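Trainee: Protein chains in written order, with the numbering used here: chain A, 23 to 382; chain B, 213 to 581. Glycine is no exception: its CB is placed at the ideal position from the N, C-alpha and C atoms. This structure is a prediction, so every number in the text was calculated from the model and none was measured.
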Amino acid sequence: MSGAERERVVVAMSGGVDSSLAAALVVEGGAEAIGVTMHLAGANSRCCSLADADDARRVAERLGIRFYVANYRERFREEVMLPFADSYLAGRTPIPCVTCNTRFKFDYLLERARVFGAARVASGHYARVDVDPSTGLRRLRRAVDEAKDQTYFLFQLGQVQLRALEFPLGALTKAEVRDRARSLGLVTAEKPESQEICFVPDGDYAGVVESLRPDALPGAGDVVDGQGRVLGRHEGVHRFTVGQRRGLGLASTGRRYVTGLDAGRNRVIVGRASDLATETAWVSDVTWVAGSPPPAGTRARVRVRYRHEGAMATLVPGCDGATRVDFDEPVGSVAPGQAAVFDAGDVVLGGGWLRGEPSE
Amino acid sequence: MRAEVVASMERALREVWGNPSSVHAEGSRAREAVERARSEVAALLAVEPGEVIFTGGATEANNTALLQVAPALDRGRHVVTSNVEHPSVEAPLEALEARGWEVTRLPVDRDGLLDPGDVTAAVRADTALVSLIWANNETGVIQPMASIAAVLAERGVPLHVDATQAVGKIPLAIDAFPIDLLALSAHKFGGPKGVGALIARRAPVFEPLLRGGGQERRLRGGTENVPGIVGLARACALAREELSSRETEYAALRDRLWRGLQEKVAGLRRNGSPEHVLPNTLNVTFEGTAGELLLQALDLEGIAVSSGAACASGSIEPSRVLLAMGLSPEEARGTLRLSVGHGIDEAAIDRVLALLPDLVTRVRAAETA
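#1: Could you have a look at Gln-474 (chain B) and say whether DSSP puts it in helix, strand or coil?
#2: Under 8 Å, do Val-347 (chain A) and Thr-302 (chain A) count as touching if we go by C-beta distance?
#3: Using the beta-carbon count (16 or more within 10 Å), is Cys-341 (chain A) buried or exposed?
#4: Hey, quick one: how far does the alpha helix (DSSP H) through Val-137 (chain A) stretch, first residue to last?
#5: Pull up the distance between the alpha-carbon of Pro-299 (chain B) and that of Ser-343 (chain B), whole angstroms please.
#6: For a contact meaning CB atoms closer than 8 Å, what does Ala-575 (chain B) contact in chain A?
#7: Going by the DSSP bridge assignment, what does Ser-343 (chain B) pair with across the sheet?
#8: Shorter than 7 Å, the distance from the beta carbon of His-298 (chain B) to the closest heavy atom of the ligand NAP, or not?
#9: Report the residues of the segment 529 to 545 of chain B with a CB closer than 8 Å to any CB of chain A, ordered along the chain.
#10: Could you tell me which residues DSSP puts in a beta bridge with Gln-360 (chain A)?
#11: For chain A, check one thing: does any of its Cβ atoms lie closer than 8 Å to the Cβ of Gln-168 (chain B)?
#12: Check the DSSP bridge columns for Thr-267 (chain B) and list the partner residues they point to.
#13: From Phe-98 (chain A) to Asp-307 (chain A), what does the alpha carbon distance come to, in whole angstroms?
#14: In three-state DSSP terms, what is His-236 (chain B)?
#15: Once you ignore the five residues that flank Thr-388 (chain A) on each side, which residues in its own chain have a CB closer than 8 Å to its CB?
#16: For Ala-378 (chain B) and Leu-132 (chain A), I'd like the C-alpha separation in whole angstroms.
#17: Taking CB distances under 8 Å as the criterion, tell me whether Ala-310 (chain B) reaches chain A.
#18: How is the alpha helix (DSSP H) around Arg-574 (chain B) delimited, first residue to last?
#19: Using only CA atoms, which one of B:Trp-313, B:Ala-284, B:Ala-365 and B:Val-235 lies nearest to Val-291 (chain B)?
#20: Anyone know if the C-beta pair for Thr-336 (chain A) and Val-305 (chain A) falls short of 8 Å?
#21: The alpha helix (DSSP H) that contains Ser-329 (chain B), what's its start and end?
#22: Tell me which residue opens and which closes the beta strand (DSSP E) that Phe-498 (chain B) is part of.
#23: Assess, as a yes-or-no matter, whether the segment 351 to 365 of chain B is touched by the segment 480 to 491 of chain B under the definition of 3 or more beta carbon pairs within less than 8 Å.
#24: Note down, in chain order, all residues in the segment 113 to 134 of chain A with a beta-carbon under 8 Å from any beta-carbon belonging to chain B.
#25: Please look up how many angstroms separate the CB atoms of Thr-153 (chain B) and Ala-449 (chain B), rounded, as I've assumed it's under 8 Å.
#26: Contact check, Leu-194 (chain A) vs Leu-176 (chain A) under 8 Å by CB: the rounded distance?
#27: Please say whether Ile-382 (chain B) and Glu-297 (chain B) have beta carbons closer to each other than 8 Å?
#28: Taking the alpha carbon of Val-278 (chain B) as the reference point, which residue from B:Glu-260, B:Ala-224 and B:Leu-308 has its own alpha carbon closest?
#29: Indicate the three-state DSSP secondary structure (helix, strand or coil) for Met-537 (chain B) in the structure shown.
#30: Compare the C-beta of Asn-288 (chain A) with all C-beta atoms of chain B and state if any pair is closer than 8 Å.
#31: Flag Arg-88 (chain A) as yes if its beta-carbon sits less than 8 Å from any beta-carbon of chain B, otherwise no.
#32: Tell me, please, whether the segment 402 to 419 of chain B touches the segment 493 to 510 of chain B by the rule of three or more beta-carbon pairs shorter than 8 Å.
#33: Look at Val-209 (chain A) and Asp-74 (chain A) and say whether their C-beta atoms are less than 8 Å apart.
#34: Going by beta carbon distance, what residues of the same chain come within less than 6 Å of Arg-287 (chain B), once the five residues before and after it are set aside?
#35: What is the rounded straight-line gap between the Cα of Val-33 (chain A) and the Cα of Asn-123 (chain A)?
#36: By Cβ distance, which residues of its chain are closer than 8 Å to Leu-187 (chain A), with the 5 residues on each side in sequence left out?
Shown next, in the form of structure tokens:
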């Protein structure tokens with residue numbers, strides 16, 4: 023390769039303040055950083071817009087590093103956007119950021135890094151990686167800034183990936199990140215936070231599902247109670263999420279929540295708040311950060327959605343990649359399609375996908 | 213940009229600062245510089261100075277030809293073109309379609325070549341003009357313009373040629389071709405960006421695209437970009453002096469690159485006619501690769517190549533031109549455009565040959581992972 027003997031590190035740069043500072047910290051660390059913006063969603067998306075790519079390019083220019091845009095639009099549509107729509111249509115509540123973060127931000131970027139002669143990838147995620155002194159294995163740990171922690175989206179990372187990853191912001195708070203970005207004169211220092219799912223910029227999930235799968239829409243169906251009595255009509259199960267209260271259009275009095283979605287019969291099932299609580303959750307396609315499951319009976323704090331503080335539970339890993347989660351106390355609004363992430367203290371053990379029933 | 217061009221522009225910036233439209237001595241000096249430049253551009257193309265209209269580049273020249281000259285021809289509302297045109301031709305044609313014009317887009321063959329017979333057959337009584345790219349910007353393929361122009365002249369149909377890639381690389385003495393309109397850009401042959409020209413021969417008086425102070429014989433408003441025009445002229449002069457040696461020199465380097473690649477890399481195909489092609493261009497598909505990734509990996513090693521069509525964000529989409537030539541989307545995706553030019557020598561070619569085989573292997577490994 024070229025004369026420079028510095029280690030090459032690819033930095034995922036979105037054009038936001040976090041990944042901008044991550045790039046700056048990689049440069050400070052003495053490595054040869056190469057900035058890459060991933061072009062994922064189309065022109066209507068908030069993320070990967072022209073302006074964001076330009077911001078990332080300006081930061082790269084300021085830091086004196088190479089910068090490229092990587093076009094993954096087709097793959098992103100196939101592997102993230104369409105499955106997102108299909109999941110809603112199957113009566114689940116998907117969380118596409120997990121696949122995006124694991125496959126795109128790390129696997130695909132790592133492939134690209136290796137072509138570039140770089141062995142490592144850094145990102146502006148709020149998470150930490152360290153080595154377990156007793157086993158020598160890499161650990162995925164929650165960020166120091168609890169409010170910004172992003173490990174919920176990163177639970178699928180395994181040993182191979184963690185060995186090649188850097189999270190330069192893991193020990194910083196958001197306020198510190200902004201301060202340092204400001205003092206470095208990065209143009210992105212004051213950029214607002216990105217919220218929600220990048221390709222659903224205005225929160226209109228149903229509209230996105232409808233434009234992605236116009237031929238697969240369920241049409242109108244019944245809203246029923248737990249006994250199957252019809253209480254009203256709805257415009258398609260993809261418009262609902264377990265735990266949802268608004269938008270049911272029911273005339274009857276009393277607070278009702280969506281407690282289940284039956285895509286097969288295109289039914290929205292509603293009930294009382296107490297019907298939402300569950301003592302046991304089944305989690306499928308579980309991956310373990312260490313590479314193998316812990317013994318049955320392992321205690322963990324289980325998060326069932328982003329920003330969920332977690333609930334204490336006992337884990338019973340099965341042999342088919344599924345794990346049963348027995349909560350100490352009933353937990354509300356466990357929505358199939360979301361991720362369940364298992365923590366031991368601030369260490370992420372692993373996680374998988376919530377499903378409705380053990381046999382599903 | 214060539215050093216000679218930079219020097220001429222620097223001199224113009226320092227010494228020729230008047231406005232060509234001003235009556236005072238400085239203005240007169242600027243006017244003289246612009247008119248001398250006009251003669252220089254005309255000389256390269258063997259046209260009359262009065263047929264040269266300076267523009268902000270070939271995009272403006274193409275827009276002027278299609279949106280302003282074509283309607284003024286008063287012949288009809290039909291245009292014949294190809295399906296491998298540059299966006300600066302395709303976009304104005306789409307604008308004409310939105311106004312009710314009809315456009316016939318002729319296909320190219322696997323080699324990227326048009327059949328002159330197809331052009332003749334597509335021309336109708338209401339055809340305003342035929343607009344064709346002379347040398348393709350991605351493949352370098354040179355269309356059989358002499359025979360096309362001859363047939364169209366016989367039929368009395370005006371011809372507009374986008375010669376952006378051809379000027380300065382192959383002889384274009386258009387007095388030998390009955391071409392009516394021609395677009396060029398300075399930066400494609402050693403000149404500065406943001407300046408070019410429309411050559412308009414036998415053109416009717418037309419409404420300017422940019423209305424203003426009546427510059428360029430009332431055909432293009434706006435104060436002249438004097439340093440740019442001077443730079444364009446210097447690049448034209450260099451092209452005229454060096455054209456024949458450039459052709460041989462570029463072709464030898466390009467062929468060295470292609471021979472070396474064939475020896476060292478498996479799974480290659482060269483796109484476009486190897487005979488009817490610019491001397492500097494080599495368009496190659498590396499099977500099972502992503503051109504975008506190869507391009508970026510080469511750039512990291514200090515070697516600049518192109519692939520597909522970069523959009524404004526820098527993201528690369530598969531080339532329309534290659535798809536039109538019958539390549540699959542996967543083949544189009546795995547394609548690089550390798551160009552030689554001023555300042556490239558055998559050592560540079562050999563450096564590419566030393567790096568590329570390993571990069572191709574790495575990209576193929578990543579693509580199948």
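Mentor: Answer, in terms of the structure:
#1: helix
#2: yes
#3: exposed
#4: 131 to 137
#5: Cα to Cα, the separation comes out at about 13 Å.
#6: Note on residue identity: the sequence assigns Val, not Ala, to residue 575 (chain B). Neighbours of Val-575 (chain B) on chain A, chain order: Val-137.
#7: B:His-372
#8: Within the structure as shown, the ligand NAP is missing, as the structure has no ligands at all.
#9: Glu-529
#10: A:Pro-358
#11: Beyond the ends of chain B as shown, which are 213 and 581, falls residue 168 (chain B); an answer cannot be given.
#12: Answer is B:Gly-408, bridged to Thr-267 (chain B).
#13: 21 Å
#14: coil
#15: With chain A covering only 23 through 382, there is no way to say anything about residue 388 (chain A).
#16: 41 Å
#17: no
#18: Its alpha helix (DSSP H) spans residues 558 to 580.
#19: Cα-wise, what sits closest to Val-291 (chain B) is B:Trp-313.
#20: no
#21: Note that residue 329 (chain B) is Gly in the sequence shown here, rather than Ser. Looking at the DSSP string, the run of the alpha helix (DSSP H) that includes Gly-329 (chain B) is 328 to 334.
#22: 493 to 498
#23: yes
#24: For the segment 113 to 134 of chain A, the set of residues with a beta-carbon nearer than 8 Å to any beta-carbon of chain B comprises Glu-133 and Arg-134, in chain order.
#25: Lying before the first or after the last residue shown, residue 153 (chain B) is absent from chain B, which here runs from 213 to 581.
#26: About 17 Å separates the two Cβ atoms, so there is no contact after all.
#27: no
#28: Strictly speaking, residue 278 (chain B) in this sequence is Leu, with Val absent from that position. Per the Cα distances, B:Leu-308.
#29: Met-537 (chain B): coil per DSSP, three-state reduction.
#30: By this cut-off, Asn-288 (chain A) is not an interface position.
#31: yes
#32: no
#33: no
#34: Ala-340
#35: 14 Å
#36: Phe-128, Arg-142, Val-143, Ala-144, Ser-145, Val-151 and Leu-179
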